[in-house]
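*Asks:* Let me give you the structure first, and then I'll get to my questions.
Written out as structure tokens, the structure is:
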């Protein structure tokens, strides 16, 4: 990780080297590093001349990290600087000529929206910018910081870490302590602490007045997880069954489970019981890896190379069994897991997932 001081200097050089290119027909009149403004030290203050000898005034707040929680701090600092303090020295200044700008290595889509909604300009070293300076309105999209985004998704939604998200999404209005989360998700307190810190950094989670954890943006968290999630990360065993009636087959599964066999329906066979929308022919259900052969015998299944409609799924993590629902005597994964499994599933999975979310999840 680059040192903060080094990045600040790198960012200042980037601004001074590129601002005249980014804002057409402009030139730097003067600049001051670490400028004292209204009791606050701005990282960089630049006076820029644009056509017709109009001067614009750019205040830059530089952050070495571009996550929303760090951008929020920069936005607060910039918004605390009033126009009035500049009028004493620059008579022709107005809000249109004063640009408050956040700078970071990379600003994500959520970060961009946060800046825009607060009336703050932004510029990142990846080539993205949103600048309203004088008569100029400039919005550029550069190369995305793909490696960073993937790292974030991996940190939040790795098999073990995803247990925290699943537990919180299943009870989106509940307030949690770390120990409650750790116990419910069946992972260590230290590990939960690290995952929650990442969730806080990205403003999915905050603490209330009693220091309990609150899920602020369940919909956004679910959507971010959907980007990372891939049902094919599970191990799938496909078979043929002589029982052609799907409902009767699922009842057969339920009956067989009484011999201490764990399972949970998913994909369309699960959605059929929770929020039916799409016709289906295949049955998918999660089982414990050590129980696959037992299920095959109990259900009288036949292995096939193609054309099978019964799919026993060994989960990428046993967290998929959390929050199982029982409908008509048949166990189904929780709605969060059902949505994830369905969303990128090719056989009309997205349609079914959206219907499930609308009818049952409400966020």
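Numbering (the working numbering), first residue to last: 2 to 364.
Each residue gets a CB set at the ideal place from its N, CA and C atoms; glycine is no exception.
(1) Taking 8 Å as the threshold (C-beta atoms), are residue 320 and residue 164 in contact?
(2) Do residue 283 and residue 312 have their CB atoms nearer than 8 Å?
(3) Give the single residue among 179, 227 and 134 whose Cα lies nearest to the Cα of residue 157.
(4) Could you tell me whether the region 54-65 touches the region 95-108, where touching means 3 or more Cβ pairs closer than 8 Å?
(5) Rounding to the nearest angstrom, what Cα-Cα distance links residue 73 and residue 201 in this structure?
(6) Helix, strand or coil: which one does DSSP assign to residue 286?
(7) Leaving aside the five residues before and after residue 276 along the sequence, list all residues of the same chain whose C-beta is less than 7 Å from its C-beta, in chain order.
(8) Please list the segments of the alpha helix (DSSP H) lying wholly inside the region 227-272, counting only runs of 4 or more residues, in order along the chain.
(9) Exposed or buried, which one is residue 160 when buried takes at least 16 other CB atoms within 10 Å?
(10) Exposed or buried, residue 172, counting other C-beta atoms within 10 Å across all chains shown (16 or more means buried)?
(11) In terms of residues, what are the limits of the alpha helix (DSSP H) holding residue 1?
(12) What are the boundary residues of the alpha helix (DSSP H) that residue 84 is part of?
(13) Just verifying my parser: in three-state terms, what is the DSSP assignment at residue 365?
(14) Skipping 5 residues on each side, what residues in its chain have a beta carbon closer than 6 Å to that of residue 27?
(15) Confirm, please, whether the CB-CB distance from residue 296 to residue 305 is below 8 Å.
(16) If you compare alpha carbons, which of 291, 229, 310 and 218 is closest to residue 363?
(17) If you reduce the DSSP assignment to three classes, tell me which class residue 160 lands in.
(18) Which same chain residues, not among the five before or five after residue 168, have their C-beta less than 6 Å away from its C-beta?
(19) Around the Cβ of residue 366, are there at least 16 other Cβ atoms within 10 angstroms (buried) or fewer (exposed)?
(20) Please check the pair residue 251 and residue 270, which I expect to be a contact at CB under 8 Å, by giving their CB distance rounded to whole angstroms.
(21) To which residues of the same chain is residue 327 closer than 8 Å at the C-beta, ignoring the five residues directly before and after it?
(22) What whole-angstrom Cβ distance do residue 82 and residue 116 have, given they're in contact under 8 Å?
(23) For residue 281 versus residue 265, is the C-beta distance shorter than 8 Å?
(24) Helix, strand or coil for residue 2, going by three-state DSSP, please let me know.
(25) By Cβ distance below 7 Å, which residues in the same chain neighbour residue 213 in space, the five residues on each side in sequence not counted?
(26) Alpha carbon to alpha carbon, how far is residue 345 from residue 46?
(27) Applying the criterion that 16 or more other CB atoms from any shown protein chain within 10 Å of the CB defines a buried residue, is residue 230 buried or exposed?
(28) Under three-state DSSP, which class holds residue 337?
(29) Which of the three DSSP states is assigned to residue 34 in this structure?
(30) With 16 as the cutoff for other CB atoms within 10 Å, does residue 350 come out buried or exposed?
(31) Decide if residue 41 is buried, meaning its Cβ has at least 16 other Cβ atoms within 10 Å, or exposed.
(32) Residue 127 to residue 15, Cα distance in whole Å?
(33) Would you say residue 182 and residue 223 are within 8 Å of each other, going by their C-beta atoms?
*Replies:* In short, the structure shows the following:
(1) yes
(2) yes
(3) 227
(4) yes
(5) 12 Å
(6) strand
(7) 356, 357, 360 and 361
(8) 247-257
(9) exposed
(10) exposed
(11) Lying before the first or after the last residue shown, residue 1 is absent from the chain, which here runs from 2 to 364.
(12) Element bounds for residue 84: n/a, residue is neither H nor E.
(13) Because the chain here runs from 2 to 364, residue 365 falls outside it and cannot be looked at.
(14) 21, 49 and 51
(15) no
(16) 218
(17) coil
(18) 185 and 186
(19) Nothing about residue 366 can be reported from this structure: the residues present for the chain run from 2 to 364 only.
(20) 7 Å
(21) 333
(22) Contact doesn't hold; Cβ gap of about 15 Å is too wide.
(23) no
(24) With a pLDDT of only 39 at residue 2, under 50, the local geometry of the prediction cannot be trusted, and the value read off the model is given with reservation. Residue 2 falls in the coil class under three-state DSSP.
(25) 176, 177 and 178
(26) 47 Å
(27) buried
(28) helix
(29) strand
(30) buried
(31) exposed
(32) 11 Å
(33) no
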